[in-house]
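Here the structure is laid out as structure tokens; the discussion comes afterwards.
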Amino acid sequence: MIQRAASNAEPILTVRNLTTRFRTDLGLVTAVDDVSFDVAAGETLGIVGESGCGKTVTSKSIMRLLPEQVTRIDPKSRILFKGVNLATADEAAMRSIRGDKIAMIFQEPMTSLNPVFRVGWQIDEALKYHTTLNRAQRRARTIEMLRLVEIPNPERRVDEYPHQLSGGMRQRVMIAIALCCEPDILIADEPTTALDVTIQAQILNLMEGLKRKLNTAIVLITHNLGVVAQVCDRVIVMYAGRIIETGSVHDIFHRPQHPYTQALLESIPKRGRREHGKRLPTIPGIVPSLHDLPSHCRFADRCRYKQDKCIAAEPDLIETGDGRAYRCFYPLNQAPAAPTVGAR
Amino acid sequence: MWSFILRRLLYNVPVYLGILLLVMGLLRVRNPVYAYLGKNADEKQIAQLEESFGLNDPFIVQYGRFLWKGLRLDFGESWKYQGTTVREKLLASIPPSMSITVPALILTSVISITVGLMSSFYRGRWIDRLLVIAAVLGMSISFLVYIIFGQFFGAFLPKQMGLEWWPLEIGGSFDLWFSMSSFSVFGLRVPYPDINAMTWVKFCLLPVLISVIVSMGYDTRFYRAVMVEECNRDYIITARAKGATKRKIMFVHMLKNAMIPIITRIMTTLPFLITGSILLEMYFNIPGMGRTLITAITDMDYPMIQGFTAVIALLYILSIILTDVLYALVDPRVRLS
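If you read the protein sequences in the order shown, they are chains E and Y. Counted the way the working numbering counts, the first sequence spans residues 1 to 344. Counted the way the working numbering counts, the second sequence spans residues 345 to 681.
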């Protein structure tokens with residue numbers, strides 16, 4: 001595997017202590033708990049984890065797309081983008097950033113487009129909000145974008161409605177909408193989950209190519225580690241609202257330090273490696289409910305290496321200096337140079 | 345498009361013929377002549393009338409004759425108002441109905457769609473709760489209560505208190521409605537009441553307001569439910585992620601998607617535009633279609649009942665076809681083929 005150069009450029013987005021809570025009928029729940037990370041210009045950052053671990057809430061918190069009435073982003077949270085704290089920015093400031101500087105694509109291409117407007121109109125809308133182009137220029141730009149996302153026959157497709165396009169084509173249109181204003185960051189929330197496998201690969205290749213062409217940083221949210229391996233430079237692994245491990249894609253895949261990461265990797269089906277009659281390893285148990293989070297290590301109840309200390313306290317996120325961090329008392333695969341925190 | 349409309353029209357021809365068959369059949373369960381002549385008719389009179397009304401012919405012949413004449417809107421002469429044709433009564437009663445229902449429908453739709461949008465947008469907040477409570481209260485009260493209280497406080501009390509300038513009145517005389525001008529369409533004399541803005545306010549404003557208030561509760565709740573459903577759709581968040589303003593999202597993205605239920609709602613009330621609200625027309629003494637039909641039924645004025653029913657059924661069918669056409673105009677997924 002070729003290790004992609006981890007960008008050590010100046011971060012374009014800095015997230016510090018992001019904590020997002022929801023008001024529910026059962027009380028306040030913390031969906032994202034004290035999450036900090038950087039996104040460097042032009043890099044691809046993967047955020048992985050099971051369903052319900054806070055990946056989507058993290059991304060929607062950055063875009064401030066969560067329903068206002070029930071969402072509380074903790075005032076200590078900072079989401080710094082070009083000197084603006086998005087956690088506290090007003091709606092008008094957010095509007096000028098959304099779609100222009102930071103764009104987003106979603107999981108369900110079948111329903112993410114507005115069914116009653118032509119796809120051209122929907123791309124044009126973003127250009128209308130964020131550029132000074134006139135109608136003819138926007139039209140040209142729209143067709144150019146459709147060509148860029150490799151939609152055949154863009155001059156004709158531009159006047160079609162979403163229902164006339166396949167799922168993969170619709171996701172291409174979503175990408176065209178997201179990238180038409182050449183954003184600095186593209187947040188892709190499970191962009192390939194709803195597509196079939198061959199289309200998945202096409203969409204990922206497309207995003208990869210466009211990222212290079214436009215120098216857009218991508219934050220890719222997924223539970224598919226295969227996708228992460230294919231496109232990401234760095235990976236954040238989340239569990240129950242917390243970051244539990246970060247590192248370059250190479251490190252995460254070859255030397256996972258958190259037992260959860262290791263278990264996730266083991267549960268990927270691999271061609272040729274599966275012995276006949278042997279079951280695919282799974283992680284026993286389920287993600288703890290946000291209403292009832294343990295005060296000790298959140299993964300302890302499912303961890304095969306669990307020890308007494310694990311159910312006594314919650315470990316901190318320990319940074320090891322080489323761009324890696326883990327939240328575990330007994331990390332696996334310690335590099336020889338790294339300080340040993342505990343023997344296993 | 346045109347072939348679709350033509351096909352839908354043709355499909356509905358048997359439906360319409362069936363309706364007319366049913367109406368004519370039901371009206372002949374009891375010999376209509378008895379109703380016409382009253383209790384003290386003798387055999388000879390009955391036989392004579394049956395002959396002159398053509399009731400002795402086989403049913404199918406009567407049906408055919410009714411259809412043939414109906415094509416030219418000729419439904420015969422009213423039994424009650426002799427010398428007046430049903431067509432004249434029909435044409436004369438449409439304008440009074442519409443001078444109430446058209447403004448009422450427009451006002452109700454505009455207000456309740458806007459309120460429904462607002463309510464759904466602020467759902468869960470106090471303004472939304474207030475609007476929902478108001479809507480439920482509004483729809484829990486009987487139409488009659490609105491009419492009686494409306495007449496009392498809107499017209500009777502101010503007059504009693506000697507407010508000479510107070511414009512609203514409870515119904516005029518029929519003379520107002522029957523002082524009509526007319527214009528001619530395809531050889532038909534279409535009458536319309538000689539009414540100016542002041543007389544309209546005087547006689548129509550109060551029933552229009554009552555009608556608006558009565559429908560507001562139902563409509564607001566309906567439109568709110570429609571909009572709440574649209575609020576949760578994925579395309580809303582796509583639009584927000586694009587940087588769209590809340591107003592654009594509400595009035596462009598959501599509203600166009602919500603048009604289908606809105607059109608259905610409005611179209612189903614379209615025939616009532618012409619037939620009018622029976623209760624309002626009764627209580628405000630407005631000689632509209634509803635009131636005229638009810639009077640015809642109590643008078644057992646068979647030609648009137650047949651003619652009015654035929655026209656109302658036709659309007660219903662036309663409005664349903666129009667609804668389908670409008671669907672295709674707002675929703676690209678609906679194909680007219």
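Every residue, glycine too, gets a C-beta built ideally from N, C-alpha and C.
(message) If you follow the alpha helix (DSSP H) that aspartate 251 of chain E is in, where does it begin and where does it stop?
(response) Within the first sequence, numbered from 1, the residue matching residue 251 of chain E stands at position 251. Residues 249-254.
(request) Quick one: using the 10 Å Cβ neighbour count with 16 as the cut-off for buried, is leucine 488 of chain Y buried or exposed? (result) Start at 1 with the first residue of the second sequence, and residue 488 of chain Y comes out as number 144. So leucine 488 of chain Y ends up on the exposed side.
(message) Please state whether the Cβ-Cβ distance between valine 116 of chain E and valine 173 of chain E is less than 8 angstroms.
(response) In the first sequence, the residue the question calls residue 116 of chain E occupies position 116. In the first sequence, the residue the question calls residue 173 of chain E occupies position 173. For valine 116 of chain E and valine 173 of chain E, no; Cβs fall outside 8 angstroms.
(request) Below 7 angstroms CB to CB, which residues in the same chain sit around glycine 99 of chain E once its five sequence neighbours on both sides are set aside? (result) Walking along the first sequence from the start, residue 99 of chain E turns up at place 99. Here the set comprises Ala126, Tyr129, His130 and Cys181.
(message) If the criterion is Cβ atoms closer than 8 angstroms, does the pair phenylalanine 81 of chain E and leucine 179 of chain E meet it?
(response) Here the question's residue 81 of chain E lines up with position 81 in the first sequence. Here the question's residue 179 of chain E lines up with position 179 in the first sequence. Not closer than 8 angstroms, so no.
(request) Give a yes or no on whether the C-beta atoms belonging to leucine 617 of chain Y and methionine 442 of chain Y are separated by under 8 angstroms. (result) Here residue 617 of chain Y is taken as the residue at index 273 of the second sequence, counted from 1. Here residue 442 of chain Y is taken as the residue at index 98 of the second sequence, counted from 1. In this structure, methionine 442 of chain Y lies closer than 8 angstroms to leucine 617 of chain Y by Cβ.
(message) Would arginine 416 of chain Y pass as an interface residue toward chain E - the criterion being a Cβ-Cβ separation below 8 angstroms?
(response) In the second sequence, the residue the question calls residue 416 of chain Y occupies position 72. No, no contact with chain E.
(message) By the DSSP assignment, the beta strand (DSSP E) with methionine 505 of chain Y in it spans what residues?
(response) By 1-based counting over the second sequence, the position of residue 505 of chain Y is 161. Judged by DSSP secondary structure, methionine 505 of chain Y falls outside any beta strand (DSSP E); it is assigned neither H nor E.
(request) Measuring only between beta-carbons, confirm whether proline 615 of chain Y sits less than 8 angstroms from chain E. (result) The sequence position of residue 615 of chain Y within the second sequence is 271, counting from 1. Proline 615 of chain Y does not count as touching chain E.
(request) Return the CA-CA distance between isoleucine 268 of chain E and alanine 672 of chain Y, expressed in angstroms with no decimal places. (result) On the first sequence, residue 268 of chain E is found 268 positions in, with the first residue counted as 1. On the second sequence, residue 672 of chain Y is found 328 positions in, with the first residue counted as 1. Approximately 47 angstroms, taken between the alpha carbons.
(request) Give the range of the beta strand (DSSP E) segment to which threonine 20 of chain E is assigned. (result) Reading the first sequence from its first residue, position 20 is the one you call residue 20 of chain E. Its beta strand (DSSP E) spans residues 11-24.
(request) Return the chain-ordered list of same chain residues with a C-beta closer than 6 angstroms to the C-beta of leucine 280 of chain E, the five sequence neighbours on each side being excluded. (result) Working through the first sequence from its first residue, we reach residue 280 of chain E at position 280. The answer, listed in chain order, is Pro269.
(request) Could you name the residues of chain Y that arginine 98 of chain E contacts, counting a contact when the two beta carbons are closer than 8 angstroms? (result) For the purposes of this step, residue 98 of chain E is taken as the residue at position 98 of the first sequence. What arginine 98 of chain E touches in chain Y: Arg584, Ala585, Lys586 and Gly587.
(request) Could you spell out the range, first to last residue, of the beta strand (DSSP E) harbouring aspartate 189 of chain E? (result) Along the first sequence, one-based indexing puts residue 189 of chain E at 189. Element bounds for aspartate 189 of chain E: 185-189.
(request) Give a yes or no on whether 8 angstroms exceeds the smallest Cβ distance from proline 605 of chain Y to chain E. (result) Counting from one through the second sequence, the residue named residue 605 of chain Y turns up at place 261. With 8 angstroms as the cut-off, proline 605 of chain Y does not count as an interface residue toward chain E.
(message) Distance cutoff 8 angstroms, beta carbons only. Does methionine 1 of chain E sit that close to anything in chain Y?
(response) The residue given as residue 1 of chain E occupies position 1 in the first sequence. Any reading at methionine 1 of chain E needs caution, since the residue's pLDDT is 33, under 50, leaving its predicted position unreliable; the model's value is listed next. False, the Cβ-Cβ gap to chain Y never drops below 8 angstroms.
(request) Taking tyrosine 161 of chain E as the query, report the chain Y residues whose CB atoms sit under 8 angstroms from its CB, ordered along the chain. (result) Numbered from 1 along the first sequence, position 161 holds the residue referred to as residue 161 of chain E. Under the 8 angstroms cutoff, chain Y gives Pro676 and Arg677.
(request) Note down, in chain order, each residue of its chain lying with its Cβ closer than 8 angstroms to the Cβ of valine 377 of chain Y, except the 5 sequence neighbours on either side. (result) Numbered from its first residue, the second sequence carries residue 377 of chain Y at position 33. Ala385, Ile390, Leu393, Glu394, Phe397 and Leu399.
(message) Would you say aspartate 472 of chain Y lies against chain E (beta-carbon separation less than 8 angstroms)?
(response) By 1-based counting over the second sequence, the position of residue 472 of chain Y is 128. So, not an interface residue.
(request) Return the residue from the list Y/Ile665, Y/Tyr627, Y/Leu434 and Y/Gln650 that minimises the CA-CA distance to leucine 614 of chain Y. (result) For the purposes of this step, residue 614 of chain Y is identified with residue 270 of the second sequence, where counting begins at 1. Nearest of Y/Ile665, Y/Tyr627, Y/Leu434 and Y/Gln650 to leucine 614 of chain Y, Cα basis: Y/Ile665.
(request) Tell me where the alpha helix (DSSP H) around tyrosine 760 of chain Y begins and ends. (result) The requested residue 760 of chain Y does not occur in the structure, where chain Y is confined to residues 345 to 681.
(request) Could you tell me if methionine 505 of chain Y is buried or exposed, where buried requires 16 or more neighbouring beta carbons within 10 angstroms of its beta carbon? (result) Locating residue 505 of chain Y in the second sequence gives position 161, counting from the first residue. Exposed.
(request) For chain E, find out if any of its Cβ atoms is closer than 8 angstroms to the Cβ of isoleucine 581 of chain Y; answer yes or no. (result) By 1-based counting over the second sequence, the position of residue 581 of chain Y is 237. Interface residue, yes.
(message) Less than 8 angstroms between the beta carbons of glutamate 350 of chain E and histidine 296 of chain E, yes or no?
(response) Because residue 350 of chain E is not part of the residues shown, which for chain E are 1 to 344, the question remains open.
(request) Measure how close the beta-carbons of methionine 238 of chain E and glycine 54 of chain E come, nearest whole angstrom, since I'm counting them as under 8 angstroms. (result) In the first sequence, counting from the first residue as 1, residue 238 of chain E sits at position 238. In the first sequence, counting from the first residue as 1, residue 54 of chain E sits at position 54. Their Cβ separation, rounded to whole angstroms, is 5 angstroms, which keeps methionine 238 of chain E and glycine 54 of chain E in contact under 8 angstroms.
(message) Does the contact criterion of 3 or more C-beta pairs under 8 angstroms hold for the region 80-94 of chain E versus the region 652-671 of chain Y?
(response) no
(message) Can you tell me where the beta strand (DSSP E) holding glycine 27 of chain E begins and where it ends?
(response) Mapped onto the first sequence, residue 27 of chain E falls at position 27. First-last of the beta strand (DSSP E) with glycine 27 of chain E: 27-40.
(request) Can you grab the Cα-Cα spacing for the pair aspartate 124 of chain E / arginine 147 of chain E, in whole Å? (result) As a working mapping, residue 124 of chain E is identified with position 124 in the first sequence. As a working mapping, residue 147 of chain E is identified with position 147 in the first sequence. Between aspartate 124 of chain E and arginine 147 of chain E, the C-alpha separation is close to 15 angstroms.
(request) Could you pull the start and end residues of the beta strand (DSSP E) that valine 48 of chain E belongs to? (result) For the purposes of this step, residue 48 of chain E is identified with residue 48 of the first sequence, where counting begins at 1. Valine 48 of chain E -> beta strand (DSSP E) spans 44-48.
(message) I'd like to know if the region 58-74 of chain E and the region 16-23 of chain E are in contact, where contact means that at least 3 CB-CB pairs between them fall below 8 angstroms.
(response) Touching, yes.
(message) Only counting the same chain, and skipping five residues up and downstream in sequence, which positions put a Cβ closer than 8 angstroms to that of methionine 683 of chain Y?
(response) Outside the shown range of chain Y, which is 345 to 681, sits residue 683 of chain Y, and nothing can be said about it.
(message) Output needed in chain order: residues of the region 52-78 of chain E with a Cβ under 7 angstroms from some Cβ in chain Y.
(response) Identification of residues in the region 52-78 of chain E having a C-beta nearer than 7 angstroms to some C-beta of chain Y yields Met63, Leu65 and Gln69, given in sequence order.
(request) Taking only the alpha-carbon atoms, compute the straight-line gap between arginine 577 of chain Y and asparagine 601 of chain Y and give it to the nearest angstrom. (result) Taking the first residue of the second sequence as 1, we reach residue 577 of chain Y at position 233. Taking the first residue of the second sequence as 1, we reach residue 601 of chain Y at position 257. Using only the alpha carbons, I get a separation of about 10 angstroms.
(request) Give a yes or no on whether 8 angstroms exceeds the smallest Cβ distance from arginine 577 of chain Y to chain E. (result) Here residue 577 of chain Y refers to the residue found at position 233 of the second sequence. Arginine 577 of chain Y counts as touching chain E.
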